[in-house]
Structures are given as C-alpha cells and as structure tokens.
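Take the sequence shown: its position 5, counted from the start at 1, is 5 in the numbering used here, and no numbers get skipped. Note sheet for the following structure.
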Amino acid sequence: MSLSTYLYNRQCRKQNRQPVYRQYDDIHSIFIVFESDYLERHTQIKQFIKELQHQGKEVTAWGYVDKKDPLTLVIRDFRVLGKRQFGLFHRPKKQVVEEISRGHYDLLIDLNTDPECLELRYMSLYVQADLKTGLACYDEPFQHDMLISLPEDEKDTAHLFDQILHFLKVIKEGER
1 MSLSTYLYNR QCRKQNRQPV YRQYDDIHSI FIVFESDYLE RHTQIKQFIK
51 ELQHQGKEVT AWGYVDKKDP LTLVIRDFRV LGKRQFGLFH RPKKQVVEEI
101 SRGHYDLLID LNTDPECLEL RYMSLYVQAD LKTGLACYDE PFQHDMLISL
151 PEDEKDTAHL FDQILHFLKV IKEGER
C-alpha cells in the first residue's frame, strides 16, 4: 500500500456520519463525482444529469481529469478539476475542500470506476451527503453507504449509473 493510499484510508476512518436512506422520490439534491476523459467530452455525464433533472432532481457534478489544467469551463453546477487543484499525496487543496463541502446533498453518486484515482475518492469523501453510493472497492474502508459490486467486464460508468438508480428506486425509507 502506498503512503498516499494509507493517508486516504486514515482520513476515511476519521469520518463519522450516519447515512439517511430515503425513497428515490424523496431525494431532491444530488452530487455526482465522475472521471473525465482526457479530451474532456462529457456527453454521457451530461446525459445522466439531464435524466436526473428531468425527474425533478437538482444536480451538481464535479469531475477530475488527469492533466494540469482542464479545458472545461466552470459552470455553476458543473466543473472539472485537474492536477493543479490537488496537492501532495493526491489530496485536494484547502480551497477545493471548502468549496466541495460547502453544500449539503441528499445523495452522492460516485461514478469513479478506477480505485487508484485518489483525487476522485477524496472528492467523494468531502462531499456532505446524507447517502453516498458508488462502486465497491474491497481494499478500502467503506466511505459509501450503498456499494454496487460489478463484474470486472461490466465496470463502466453507464452500467454503474444504471445499477445505482435501480437500487435507489427499490429502497424503502429507513431500510438498509
């Protein structure tokens, strides 16, 4: 285990939160964390956002691209961070932590399919959400409340998104 991963796992263990399980219809605000491709085409993510907004959800989406300066314009509820916004050991800089933890959301949807991307894992960690969902990564302390396990050949963003929505829609309030 690298020092970066060790520090991330230690930060995860410090989190003390109680998840709030709601029926899908009672979820109003959603924060999406996603991995941007190098060309920063976000067609699929924007499609997910439109689908959720069409259902009456308020959506904020932040992504990460593995280059110094992303080209994507910062729009009110949509932005892509780059390496410049992260410091030593892949931790987000103070300004990013303050900004990402400023709001409160009913749900976090973590669409990260790369367990090695600590930048996205830190972003998910600092989002203030009643319920956090994402892909199950068995080598980490569980920062998510609802984990989706997918076979290796099905670990793509679209399938993960569909599975998260499916399971959210079958949850009854207060159930685990």
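For glycine and all other residues, C-beta sits at the position ideal for the given N, C-alpha and C. Remember, predicted model here, so these are calculated numbers, not experimental data.
- Straight through space, the alpha carbons of asparagine 9 and leucine 3 are spaced by roughly 10 Å.
- With a threshold of 16 other beta carbon atoms within 10 Å, aspartate 37 falls short and is exposed.
- Secondary-structure assignment with DSSP links methionine 146 through a beta bridge to Thr133.
- Aspartate 77 and lysine 46 have their alpha carbons spaced roughly 11 Å apart.
- Rounded to whole angstroms, the gap between the alpha carbons of lysine 93 and leucine 108 is 21 Å.
- Straight across, the Cα-Cα distance linking aspartate 130 with methionine 123 is about 15 Å.
- If you keep only unbroken beta strand (DSSP E) runs of at least 3 residues inside the region 86-137, you get 105-110 and 129-135.
- Beta-bridge analysis with DSSP links leucine 81 to Tyr64.
- As the crow flies, the alpha-carbon of threonine 60 is around 22 Å from that of lysine 68.
- Cβ atoms of leucine 111 and phenylalanine 34 come within 8 Å of each other, at about 4 Å.
- For serine 4, the enclosing alpha helix (DSSP H) stretches over residues 3-14.
- Under DSSP, glutamate 40 forms no beta bridge with any residue.
- Remark: C-beta atoms of leucine 150 and leucine 168 do not approach each other more closely than 8 Å.
- By the criterion of a C-beta distance shorter than 7 Å, isoleucine 164 is surrounded in its chain by Ile109, Thr133 and Ile148, once the five residues flanking it on both sides are discounted.
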